[in-house]
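Chemist: For the sequence shown, position 3 matches number -13 in the numbering used here, and the numbering has no gaps at all. C-beta atoms are modelled at their ideal positions from N, C-alpha and C, and glycine is treated no differently.
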Amino acid sequence: MAEITKVQLEFNKRVLYCMQELKSLNLISSVKDFVLGCGVVYQRYTEMDRAFRQGRSDSRYKTVEIEIVYELVTNYNVSADWLITGRGSMFCGLSK
């Protein structure tokens, strides 16, 4: 199983963090419901999240699926620039 690159790992961290933040702000009912609503297999998310929390970079899944990113950017005002680069604020229209 190939390890993921630093860029992929940082991107995944931001997406996973963003979903948790949406939950803490009560903008989504649960991460599981959000992931399933995007049409993504929840097991994929849990494996990636577990690897991230354990500090591992050997998950069999290299990146978060585009459906999750699309949903975050389109329906939750999440900054695509922040997701991809880590620059700026998580949400559009907010200062850093």
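Could you tell me whether the Cβ of residue 54 comes closer than 8 Å to any Cβ of chain D?
Modeler: No chain D is present in this structure, which holds just one protein chain.
Chemist: Specify the secondary structure class of residue 62 as computed by DSSP and reduced to three states.
Modeler: In the structure shown, residue 62 sits in a strand (DSSP, three-state: E or B).
Chemist: Just curious, the alpha helix (DSSP H) that residue 131 is in, first and last residue?
Modeler: A question about residue 131 goes unanswered here, because the residues of the chain that appear run from -15 up to 80.
Chemist: Give a yes or no on whether the C-beta atoms belonging to residue 16 and residue 26 are separated by under 8 Å.
Modeler: Yes, the pair counts as a contact, with Cβ atoms nearer than the cut-off.
Chemist: When you compare the stretch 20 to 38 with the stretch 65 to 74, are there three or more beta-carbon pairs, one atom per stretch, that lie closer than 8 Å?
Modeler: These segments do not touch.
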